[in-house]
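Take the sequence shown: its position 95, counting from 1, is numbered 95 in UniProt numbering, and each next residue is one higher.
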Amino acid sequence: MSSPLKEEEEEEEEDAGRRQRMERYTSRSGYDGGRKGNLASEYHDSDFDWMELREEAEKILSSKEEGNHERERGGDDEKDGGIEKLGDQGKAWEKFHNKVNSTAKFFKEKRYILQEFPALLEENVLEVCEFGCGNGSTVIPILKGNPLARVTAMDFSESAVEHTRQAVEREGFESARCTVMTRDLSSGVVVEEEGGSGEEGKFDAVLMVFFLSAVPPPKMDKAIGNALHLLKPGGRVFFRDYGMFDLTQLRFPQDQKLGSKLYHRGDNTLSYFFTLEDLAAKFEGEGFETVETDYACVELYNRKKDFEMRRVFAHGVFRKPLR
């Protein structure tokens, strides 16, 4: 049964594979990991062709449905459907973080973020906001990599926020460089509150890393709208999340399917798998301009199980219009 912790462990294997392939991919990109205008690296995202995977994956998903005649096929991802039966998503994630945030292995820094999005190292990227900071594994690399950056880290889990705060303190960063706060980013516009921030137009960049896939689809527009609200004109969202036909999706049992792209884990947290068309439509629908979208297709090898894993991640950069 899939779990966020298991997915994180597999992502660690991916990180090791990236380091091995870095030289090969960066040498052909012409810029220390840059691609497409230096907005993201390509050293680890082209191990296989997504269209070829699609043919195989559709057969796998179809066979699961055919073998489960008594269960209705997944419904409309954009409606609540079975989500309400899962209970409060905030409580589900709070329970998750309370359970696993003491596991050191879960806290491995996502150092690849700076190679995936080298624009975060630019001198004019001074104010960064992360939606769904989790345990701080993305915040720390940004603070280390860009000494001029100030990060505002948000999550609706109080436990996650506390662990991020502890991680920042543990690394010895000044409190002025990182503000951590509890916010429900999928519920209305984030406004300035006592002791917090949320000024419209304050941020140069908003980071969404494995955040939006955990938000109920009917609330995704509010989360994206909050990003638009917080960015300066010309500011960008840097996005990375689960892509359609990722191995995680193919592993889900049919009885955990809520829609064509939406599933629930055993702990009742959600997992959504994005197509590039779907991703661009969601951001453009809230007023963003699409700078780039792509599938990061990563092939991993599990030596213990002698098993080849094909991971698919949706990558995107979206800009707030200047006007």
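Built from N, CA and C at the ideal position, the CB exists for glycine as well.
From which residue to which residue does the beta strand (DSSP E) around residue i run?
i    : result
T179 : 178-182
M154 : 150-155
V237 : 231-242
F307 : 307-319
V128 : 127-131
L143 : Where L143 is concerned, there is no enclosing beta strand (DSSP E), although the alpha helix (DSSP H) it sits in stretches over 139-145.
Compute the beta-carbon to beta-carbon distance between residue i and residue j, rounded to the nearest angstrom, for a pair I have assumed lies under 8 Å.
i    : j    : result
L279 : G316 : 6 Å
E277 : F318 : Wrong, their Cβ atoms sit about 14 Å apart, outside the cutoff.
L250 : A57  : 6 Å
C133 : V139 : 6 Å
V298 : D47  : 6 Å
F156 : Y242 : About 19 Å; that fails the 8 Å criterion.
E65  : Q254 : 7 Å
V206 : R177 : That pair is no contact at about 17 Å.
M181 : M154 : 6 Å
L53  : R310 : 6 Å
How should residue i be labelled, buried or exposed, when 16 other C-beta atoms within 10 angstroms of its C-beta is the threshold for buried?
i           : result
I113        : buried
K304        : exposed
L322        : exposed
G225        : buried
D204        : buried
R28         : The pLDDT assigned to R28 is 29, lower than 50, so where the model puts this residue is not dependable; a value taken from the coordinates is nonetheless given after this. With fewer than 16 other Cβ atoms within 10 Å, it is exposed.
M208        : buried
D294        : buried
F285        : It should be noted that the sequence gives Gly, not Phe, for residue 285. Counting Cβ neighbours within 10 Å, G285 comes out exposed, since fewer than 16 surround it.
M51         : exposed
I60         : exposed
Y263        : buried
residue 391 : As displayed, the chain neither begins before 1 nor continues past 323, which places residue 391 out of reach and without an answer.
Y272        : buried
F252        : buried
residue 358 : Nothing about residue 358 can be read from this structure; the chain reaches only from 1 to 323.
L148        : exposed
E127        : buried
E174        : exposed
G201        : exposed
P118        : buried
N135        : buried
E130        : buried
E116        : buried
G266        : exposed
A160        : buried
Y31         : Because the pLDDT at Y31 is just 29, under 50, the model does not fix this residue reliably, and the point stays unresolved.
A214        : buried
A281        : exposed
S187        : exposed
S63         : exposed
G259        : buried
Where do the N-terminal and C-terminal ends of the alpha helix (DSSP H) with residue i fall, by residue?
i    : result
L53  : 50-66
L207 : From DSSP, L207 is part of no alpha helix (DSSP H) but of the beta strand (DSSP E) over 203-209.
V168 : 158-170
L114 : 113-116
Bridge partners for residue i per DSSP, in chain order?
i    : result
L322 : Paired residues: none, contrary to the question.
S46  : C297
Check whether the Cβ of residue i lies closer than 8 Å to any heavy atom of the ligand MG, and answer yes or no.
i    : result
L212 : This structure lacks the ligand MG, and indeed carries no ligand of any kind.
Query raised in the report: What are the start and end residues of each continuous beta strand (DSSP E) run of 3 or more residues lying completely inside the stretch 247-302, in chain order?
Result: 262-264, 270-272, 289-302
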